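Residue numbers (the working numbering), protein chains in the order written: chain A, -3 to 642; chain B, -3 to 642. For every residue, glycine included, the Cβ atom is placed at its ideal position computed from N, Cα and C. Remember, it's a predicted structure, so these values are computed and weren't measured experimentally.
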């Protein structure tokens, strides 16, 4: 199996999974194919929706004499008429619905292997939400037992091992950890259907997070039985890669139409609130008066159009770095989804999510309500502001929020202040918290859109952050000339805002005191002639940093890398590659997962980093795609893009 | 012109407008057709999107010799190849863009009339947001002047008169009032394009509300130049009926794709996040590599698919009573839309919106964030709770929120309490505020979905409401047996919860003390055998009320109507019809707009009402569709559905 990350946002990711029957892009959806009763053929799905992967039930095939024989003789792919990737389920869900199934756990894995399934599934023990902890633990143990035995039988089939543990976070995490230890190559999060059915999204989120915490991050994760697109964005943001949908057909049978905001009975509609080919082909009365079988088929198609559109929307959001915006938008369509989202405000969840959060995004951060301020990116910049930014004086001048960038909006005032007193710290009291004027072009301070009035919760959080930031300082609210008169004249030394900016951004990005090293010499700052923005920074004639116009963050040049490498002790900012990779990296090639030996635990996705050999010799500088835990787990794909080498 | 309301929600409505070329359903969208350069033909639009109405520019036609002649000779409909309704613009927008236009205000109206436009537009004076009040006022006056003169020239053409007044609410309201006074038959709200372009949605909302306040509510309202579907739900919720879109083509020319959540450049996408026929036909690389002209055409189609889908979504939401949910969902996609929505929290806006708010809806009220608690329906029920509900004792037992319906969830506890003390008031401290146990099945108390935790603002509002409700009372929190021991035994009289329920709902629905009249006799309550819920109420053998299972509100029977008619003085609950209608109503026919002479100002859409003649003789009981102001303005359509007659 080959599984690699291509892009990411929140704890979600776009990956490529190679199977025996091709490449599958995640996040993705597997429509459930009932081998007894094909509603839409897989072939047609591929044509209409670009379906890359489907799922069917090996238990049903095994139990039906005709299907069984045909599957063994011709293979699963011929049986279903699909040449793409096929996953099989094992009968676990049937055992949940009917109490038990008449099949041996090992036999069913062998059967899946023998009919040529690309991704088989163990026969796990379905843990229901109403189980007590003891029952749930028993199920987890038995599931692990079966997984161990099944792993020996799988051959070259990918085998999905299922995390169970009911609604107990510690059981879930433990189940996940044990399955990771036996080196399962694909994970399913099981037992969530009853949570979905009862809109217990808060419990669902708890289950996903605790499972993810225990799972090897380099393997695909399938949220088993989650087929309503309403849940897709949140589940992806928490690290799920696959969904399966029997909902498209089940809902269609009841004449219920799936939408990104929920479900509507056809009978409750007076117009088709949708632009999909089905809803564009018919008007509502035409659809309502179709022959019943035809109508169900058309609704099933509609349901799949909507589900796949949501998958594509999620991939775009990951690419643009707007997955949280999508998650929050979707949450506003359902009170329980909103409740689930609020659970992410807990500090332990922020800490977990922050590890996966990219340091910068293509799209601006959009305020969508009182959840926005709890996003991991905000948690991170607030933390870094307190840890890494050093105010230059005890006196802090505070401007109210103005237009962005603040340093242009308040340029006259800032000049007057600095003419009188070089040491004063100047900040803006913004909707995102205190923004030192030197950091006003840095993501996300400049790349964020807040309305003038936010909400009580956001304001409270921001006020709290502000208070911590100015603790022990003397706050002076800017009141124009009046304030100017009150400022004590201190003109010792000189303070250029440009240099302060380079220093402050360096510290925020590379760590406390990074600026001491990077700016230890004669500094030359080159600005863009067109925009007047800082572009390149030279120290003693050496090009150490470039500032990106898009996010106000630095690209580290190899000479800057040398400085930071000398200054910061191992493992800070390092990605360590083994000897096999050294010559490649020295040629400027990117770093592949399997060559990584170690990594600074503080590096985050899209951070600038130092690539070193096992003796900590600097080889190159680059940009990470993964955090430490991921780098050490993944076997495939580029994990650091090398930018400049020695 | 014939314009009638068919259904409604918030201050929005579904109407039918009859023009010379057919019937148009509102809300609706008019794609802008450039007569010089047809991108998609109107004929194709009709086929693809079911386009009922288009808009084109008469100024452009007039100024082009060839088009001018052809239009006059063959007529506008032949010129554009469209047999549906066509609206024409007058050149006002050109005057805004180019500073001036070379056309006489009356001449252009005559020209529109002569080429057979269904809906013409006066040449109004475009008021920009940066005008000072004096300039804006001048424009308003000149616009009114031209409107007056133009009205004389219009013949049987519908003539859109444009509300101006820049961003000054009093000017807008006055402009609207003056245009209503000259009996204009169609209104446009003009000068909003610069607000749309700069995402000044808060100002846009202010403009719409102040304009609507001055407008005759029985006429169609067109939000001129608003073509992005992101704004449609909110604008409709505030009473706009028509939009026009040049955006579909303008954005397509820049390769920008319109979505319900905003706009995306094709270049910024890695996948087509949409299910429309265009996005289902191509994958992203196919679309990106189409020949440019073809690509622009396909994006234009996509833009229209999306825009029309939003219109249909809005109509559905009105039908289901979930327009606020849609508005709030959309607001979460854009910080400035969210800001605009917050403006509706002002008490004066709540008071205005409450007049249009239906008393009941098909769908449950969904919590979507801290705006939900500010909806007009919540404002209304809180107001009525304080004014109309009379607690039966100084002691109030308070239960925490439980499952709905609360009276079932707490049935054992309630029985124990009432066994000991018949007089105690029992309420639930719910997410929607205090809910007396007798009202727990009434809309929206039962028909609402809130998560367990809401938000700081909602909790504050609810606490405030709670405090006002219990003011001067003795609050006893239910603590089980302990509380029971503390309750003083009062068993005088008897209190049956069913009777209390009938009384409390009557008072809430019909007004303070309505229950004294309706229950003044021997009461018999018939319940549904299936659900155990109250169905029919008899007083002294007469069937006075029926309770609807769906919303827990009463349907008024004719005998109940008699009682209320005797008890309440004129004009309470009355709709007065003139003598022409008396015989029809007496036969059970519904009341048409033109027969209404007067109406209780406290009646709201979907309220139960008494239909009386001009001497206040009771003719029938029915259910209103309009509020008083609307009843007295509308000329067409059913305004009261007669239910039972004398």
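- Secondary structure note for residue 534 (chain B): its beta strand (DSSP E) is the uninterrupted segment 530 to 535.
- Excluding sequence positions up to five before and after residue 303 (chain B), its CB lies within less than 7 angstroms of the CB of 25, 225, 241, 244 and 254, all in the same chain and listed in chain order.
- One finds nothing in chain B with a Cβ atom closer than 7 angstroms to the Cβ of residue 229 (chain A); even the nearest lies about 11 angstroms away.
- Against chain A, the CB of residue 200 (chain B) has no partner CB under 9 angstroms away; the residue lies outside that interface.
- In the DSSP annotation of this structure, the continuous segment of the alpha helix (DSSP H) that includes residue 311 (chain B) starts and ends at 288 to 316.
- Distances from the alpha-carbon of residue 115 (chain A) to those of A:187, A:36, A:93 and A:-3 put A:-3 closest.
- Among the residues of the segment 34 to 47 of chain A, those with a Cβ less than 9 angstroms away from any Cβ of chain B are 44, 45 and 46, in the order of the chain.
- For residue 175 (chain A), no beta strand (DSSP E) encloses it; the enclosing alpha helix (DSSP H) starts and ends at 165 to 177.
- Within the segment 239 to 265 of chain A, those residues whose Cβ lies closer than 7 angstroms to any Cβ of chain B are, in chain order, 257, 264 and 265.
- Here residue 27 (chain A) is near residue 41 (chain A), since their CB atoms are less than 9 angstroms apart.
- Secondary structure at residue 226 (chain B): helix, using DSSP grouped into helix, strand and coil.
- At least one C-beta of chain B is nearer than 9 angstroms to the C-beta of residue 365 (chain A).
- For the pair of segments examined, the segment 378 to 397 of chain A was found not to touch the segment 610 to 624 of chain A: the number of CB pairs separated by less than 8 angstroms stays below three.
- Any Cβ of chain B closer than 9 angstroms to the Cβ of residue 402 (chain A) would place that residue at the interface, and such an atom is absent.
- For the 9 angstroms CB-CB criterion, residue 156 (chain A) and residue 124 (chain A) do not form a contact.
- Against chain B, the CB of residue 465 (chain A) has no partner CB under 9 angstroms away; the residue lies outside that interface.
- In the three-state scheme derived from DSSP, where H, G and I count as helix and E and B as strand, residue 29 (chain B) is classed as strand.
- In this structure, A:82 is the residue among A:88, A:122, A:82 and A:120 with its C-alpha nearest to the C-alpha of residue 109 (chain A).
- Close partners of residue 315 (chain A) in chain B (Cβ separation under 7 angstroms): 266.
- Straight through space, the alpha carbons of residue 353 (chain A) and residue 504 (chain A) are spaced by roughly 16 angstroms.
- Of the residues A:554, A:321 and A:20, the one whose Cα lies closest to the Cα of residue 446 (chain A) is A:321.
- In the structure shown, residue 382 (chain A) falls within a helical segment according to DSSP collapsed to helix, strand and coil.
- Closest by C-alpha distance to residue 415 (chain B), out of B:499, B:134 and B:486, is B:486.
- For the pair residue 360 (chain B) and residue 443 (chain B), the CB atoms are nearer than the 9 angstroms cut-off.
- Around residue 193 (chain A), no beta-carbon contact reaches into chain B at under 8 angstroms, the shortest distance being about 16 angstroms.
- Of the residues A:152, A:188, A:210 and A:433, the one whose Cα lies closest to the Cα of residue 174 (chain A) is A:210.
- At a beta-carbon threshold of 9 angstroms, the residues of chain B lying near residue 452 (chain A) are 366, 451, 452, 453 and 456, ordered along the chain.
- Residue 135 (chain B) and residue 378 (chain B) have their C-alpha atoms some 42 angstroms from each other.
- By the criterion of a C-beta distance shorter than 7 angstroms, residue 71 (chain B) is surrounded in its chain by 111 and 112, once the five residues flanking it on both sides are discounted.
- Here residue 75 (chain A) really is in contact with residue 66 (chain A); their C-beta atoms are around 5 angstroms apart, less than 8 angstroms.
- A contact between stretches requires three or more CB pairs, one per stretch, nearer than 8 angstroms, and the segment 193 to 209 of chain B meets this requirement with the segment 160 to 174 of chain B.
- Residue pairing by DSSP places residue 543 (chain A) opposite A:550 in a beta bridge.
- The beta carbon of residue 561 (chain A) sits closer than 7 angstroms to those of 606 and 614, all from its chain and outside the five residues before and after it, given in chain order.
- Per DSSP, the continuous beta strand (DSSP E) segment holding residue 614 (chain B) begins and ends at 614 to 620.
- Between residue 297 (chain B) and residue 273 (chain B), the CB-CB gap stays under 9 angstroms.
- Residue 336 (chain B) and residue 319 (chain B) have their C-alpha atoms spaced approximately 16 angstroms apart.
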